[in-house]
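Beneath this line is the structure, given in structure tokens, with notes to follow.
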Amino acid sequence: MKLEHHKQSVSSEKTAETYYDSAEADNFYFNIWGGEDIHIGLYEETKDIFKASRATVAHMANAIPGLNIDTQIIDFGSGYGGAARYLAKEYKCNVTCLNLSDVQNKTNRRLNIEQNLDNLISVVHGSFERLPGPAAKFDVVWSQDAILHSSNRERVIAQAWRALKPGGMMIYTDPMQADGCPPGVLQPVYDRIHLESLGSISFYKEVAEKCGFTNFCKEDMTHNLLTHYSRVLEELEKNYGPMCKTSSKNYIDRMLVGLRSWIDAANAGYLAWGIIKLTKPI
Ligand SMILES: C[S@@+](CC[C@H](N)C(=O)[O-])C[C@H]1O[C@@H](n2cnc3c(N)ncnc32)[C@H](O)[C@@H]1O
Numbered sequence: 295m296k297l298e299h300h301k302q303s304v305s306s307e308k309t310a311e312t313y314y315d316s317a318e319a320d321n322f323y324f325n326i327w328g329g330e331d332i333h334i335g336l337y338e339e340t341k342d343i344f345k346a347s348r349a350t351v352a353h354m355a356n357a358i359p360g361l362n363i364d365t366q367i368i369d370f371g372s373g374y375g376g377a378a379r380y381l382a383k384e385y386k387c388n389v390t391c392l393n394l395s396d397v398q399n400k401t402n403r404r405l406n407i408e409q410n411l412d413n414l415i416s417v418v419h420g421s422f423e424r425l426p427g428p429a430a431k432f433d434v435v436w437s438q439d440a441i442l443h444s445s446n447r448e449r450v451i452a453q454a455w456r457a458l459k460p461g462g463m464m465i466y467t468d469p470m471q472a473d474g475c476p477p478g479v480l481q482p483v484y485d486r487i488h489l490e491s492l493g494s495i496s497f498y499k500e501v502a503e504k505c506g507f508t509n510f511c512k513e514d515m516t517h518n519l520l521t522h523y524s525r526v527l528e529e530l531e532k533n534y535g536p537m538c539k540t541s542s543k544n545y546i547d548r549m550l551v552g553l554r555s556w557i558d559a560a561n562a563g564y565l566a567w568g569i570i571k572l573t574k575p576i
């Protein structure tokens with residue numbers, strides 16, 4: 295990696311780690327965003343954030359053929375490990391949770407032990423920009439709403455390529471900017487979680503094909519982004535008093551501003567979200 299890129303990567307990793315390790319973020323995400331699942335939900339059948347978030351996991355798992363006891367999965371940016379427990383419980387898959395936040399990793403390990411799943415799930419502290427361990431070890435690279443935090447997304451896709459066995463699949467979701475989004479309009483969106491940019495469908499397609507991935511497949515589900523942020527805003531407003539006590543008033547007030555910025559940008563058609571699938575050819 296070039297020195298300048300290396301410095302940017304280390305600083306975006308540090309920013310994400312500090313952000314998710316804070317007690318305020320831990321409290322907000324675990325209690326309001328979706329519990330053990332902290333990604334955008336699918337709201338076709340429910341308005342409940344926790345159920346909708348779980349529906350995204352189930353929908354993604356359904357999109358992977360032949361998941362079973364022999365399937366080795368790595369989850370890039372695994373948060374509290376909700377997806378890993380679902381995959382281990384429903385399909386008996388082996389899952390490696392790779393995540394930067396030690397605070398989340400601690401909760402993840404505890405929940406795995408409580409649910410007798412620690413034999414199928416290992417939790418590793420680390421970055422998806424510099425993967426530990428040997429190449430070509432996994433059948434599936436899974437990631438939900440985590441790659442947006444990277445300042446070098448091209449490298450993350452290259453790391454997925456390295457991690458996968460030939461014939462393996464990467465499946466991920468990521469909040470993105472819409473193709474054709476005018477320049478300069480997303481700063482309030484970046485500010486909520488200290489980003490410098492967002493990926494886009496066309497960016498990911500180009501980068502994936504450059505790596506050698508085939509069968510680029512996208513399921514555009516952008517409308518769920520707007521619903522999800524609106525529901526999180528509603529819940530946060532409803533629980534404003536207690537949340538100001540457990541996180542701080544300053545954190546919650548900034549979060550309200552940030553959520554409204556994402557809703558405005560989504561309403562203006564500047565954002566995109568969906569499921570992307572890539573195949574590493576044999
Ligand atoms: C919005 S959360 C999503 C968590 C989880 N995927 C889920 O859907 O519940 C984003 C996650 O990305 C993780 N993350 C951000 N940058 C990372 C990096 N460079 N390497 C590993 N994890 C990272 C954070 O620790 C956080 O858990």
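To convert a position in the sequence shown, counted from 1, into the numbering used here, add 294.
Beta carbons are placed, not taken as given, at the ideal position from N, Cα and C, and that holds for glycine.
Since the model is a prediction, treat every value here as computed from it, not as a measurement.
(request) Give every residue of the same chain whose Cβ lies closer than 7 angstroms to the Cβ of S306, excluding the five residues on either side of it in the sequence, and list them in chain order. (result) H443, S444, S445
(request) Note the first and the last residue of the continuous alpha helix (DSSP H) segment covering C538. (result) 534–540
(request) Measure from the alpha carbon of A355 to the alpha carbon of each residue in D369, T516, N406, Y323, then state which is nearest. (result) D369
(message) Assuming I546 is part of the beta strand (DSSP E), what are its boundary residues?
(response) Careful: I546 lies outside any beta strand (DSSP E), inside the alpha helix (DSSP H) at 543–561.
(request) Can you say whether P359 is buried or exposed, counting buried as having 16 or more other CB atoms within 10 angstroms of its CB? (result) exposed
(message) Is S416 close to ligand 1? I mean its beta-carbon at under 6 angstroms from any heavy atom of the ligand.
(response) no
(message) Tell me whether Y564, by its Cβ, gets closer than 6 angstroms to a heavy atom of ligand 1.
(response) no
(message) Measuring only the C-alpha atoms, how far is D485 from A452?
(response) 27 angstroms
(message) ligand 1 and S421: does any heavy atom of the ligand fall closer than 6 angstroms to the residue's C-beta?
(response) yes
(message) Given the structure, does D331 come close to ligand 1, in the sense that its CB is under 6 angstroms from one of the ligand's heavy atoms?
(response) yes
(request) Assign N399 to buried or exposed, taking buried as 16 or more other Cβ atoms, counted over all protein chains shown, within 10 Å of its Cβ. (result) buried
(request) Taking the CB atoms as reference points, tell me whether D473 and S494 lie closer together than 7 angstroms. (result) yes
(message) Looking at ligand 2, does it come within less than 6 angstroms of A452, judged from the CB to the closest heavy atom?
(response) Among the ligands modelled here, namely ligand 1, ligand 2 does not occur.
(request) Would you identify the three-state DSSP class for M515, choosing helix, strand or coil? (result) coil
(request) Name the residue from T350, I407, V526 whose alpha carbon lies nearest to the alpha carbon of V551. (result) V526
(message) Just to confirm my understanding: we take G373, look at its own chain, exclude 5 residues before and 5 after, and list those with CB closer than 6 angstroms. What are they?
(response) I332, Q398
(request) Work out the CA separation of E531 and K435 for me, nearest whole Å. (result) In the sequence as displayed, the identity of residue 435 is Val instead of Lys. Going by the C-alpha atoms only, they are around 36 angstroms apart.
(message) Using a Cβ-Cβ cutoff of less than 6 angstroms, which residues in the same chain neighbour M470 once the five nearest sequence positions on both sides are dropped?
(response) L492, G493, S494, A566
(message) Taking only three categories from DSSP, how would you classify I487?
(response) coil
(request) Please say whether K386 and I465 have beta carbons closer to each other than 7 angstroms? (result) no
(request) Output the boundary residues of the beta strand (DSSP E) element that contains G462. (result) 458–467
(request) Let me know the secondary structure DSSP gives D412 once reduced to three states. (result) coil
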